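Using numbering that gives the first Met the number 0, the letters of the sequence shown correspond one by one to residues 0 to 202. Glycine is no exception: its CB is placed at the ideal position from the N, C-alpha and C atoms. These numbers were taken from a predicted model, which means no experiment stands behind them. The structure under discussion appears below in the form of structure tokens.
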Amino acid sequence: MKINFTSLMYFQKVAELEHLTKAAEALHIAQPALSRTIRSMEEELDVSLFTHQGRNIHLTRDGHILLKYTNKILRSLDDLRQELQDSRDLQQLTVKLAIMSSSRLIPAFLMKFKEEYPETILEIVPQNSDSANASRTDLTLFSSLKHIDNDHTITLFRENLVMVFPTGTPYAHLPYVNLHDLSDRVCQEFCVNRFNKQHRIAA
């Protein structure tokens, strides 16, 4: 039998109690099985780990050396288990957030979220059109011109879109404009102005 964590735990308990029968009872295993484990460790390491004095046993010099390293190994194992548990707990408290909006209200929203859920960690995930990347997020903040109504989306707030025109244009004094009707003409005027500017520079 190769030395493993279980055999080291058995050895540690025998070294602590200095009694095979009591150690077997504490470990809830049969005493012959515990004796075989200790004997296998001695054969593998080619050392004697215990000396017998009546019913009690005591560590040899080599046994003390093994116990020193056994304690370090088992402490490291406990630390590993605790760190893995902490990591699992941390993952459960982490919200992966994708932001697809440039609203000035986003910082206020994030601050309010942290106030209400201070134990939660917000992890900002870079967002793009990659659907695989989107599936790795828990929450996405985005803007939309159209109202979205489904079981997975809620509207946090609404903002008015504002267009700015030079005072000389016919749109400057209108209370509102239709983006659909305006898009082609604005694009046309933009292209003309850009062409004229380039033409003047070239001349």
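Original post:
If you draw a straight line from the C-alpha of alanine 25 to the C-alpha of leucine 79, how long is it?
Top reply: 24 Å
Original post:
What does a CB cutoff of less than 8 Å around glutamine 11 pick up in its chain, not counting 5 residues either side in sequence?
Top reply: Leu66, Thr69, Asn70, Leu73
Original post:
Does DSSP put lysine 1 in a helix, in a strand, or in coil?
Top reply: coil
Original post:
In three-state DSSP terms, what is lysine 95?
Top reply: strand
Original post:
What are the start and end residues of each continuous beta strand (DSSP E) run of 3 or more residues lying completely inside the stretch 36-119, in chain order?
Top reply: 49-52, 55-58, 93-99
Original post:
Which term fits threonine 36, buried or exposed, when burial requires 16 or more other beta carbons within 10 angstroms of its beta carbon?
Top reply: buried
Original post:
Given 8 Å as the limit, is there contact between the stretch 105-114 and the stretch 141-151, that is, 3 or more CB pairs closer than that?
Top reply: no
Original post:
According to the Cβ coordinates, are glutamine 30 and leucine 16 closer than 8 Å?
Top reply: no
Original post:
Roughly how many whole angstroms lie between the Cα atoms of arginine 60 and arginine 87?
Top reply: 41 Å
**OP:** Alpha carbon to alpha carbon, how far is glutamate 82 from glutamate 158? Give it in angstroms, no decimals.
**Re:** 45 Å
**OP:** Provide the residue(s) that pair with leucine 138 in DSSP beta bridges, ordered along the chain.
**Re:** Leu96
Subject >> Assigned exposure category for leucine 7 - 16 Cβ within 10 Å defines buried >> reply: buried
Original post:
What did DSSP end up calling leucine 173 once you bin it into helix, strand or coil?
Top reply: coil
**OP:** Might you give, ordered along the chain, the residues of its own chain that have their beta carbon closer than 8 Å to the beta carbon of glutamate 122, omitting 5 neighbours on each side?
**Re:** Thr93, Val94, Lys95, Leu96
Subject >> Closest Cα partner of isoleucine 56 within the set Pro165, Ala22, Pro174 >> reply: Ala22
**OP:** Could you check the C-alpha separation between glycine 53 and isoleucine 2 for me, to the nearest Å?
**Re:** 27 Å
Original post:
Closest by CA to proline 4, which one among Glu118, Ile120, Phe164, Ser75?
Top reply: For the sequence presented, residue 4 should be read as phenylalanine rather than proline. Answer by Cα proximity: Ser75.
Subject >> Span separating the alpha-carbon of glutamate 43 from that of histidine 27 >> reply: 24 Å
**OP:** May I ask which residues mark the beginning and end of the alpha helix (DSSP H) holding alanine 22?
**Re:** 19-26
Subject >> Identity of the residue in Ile105, Tyr175, Thr154 nearest phenylalanine 164 by Cα >> reply: Tyr175
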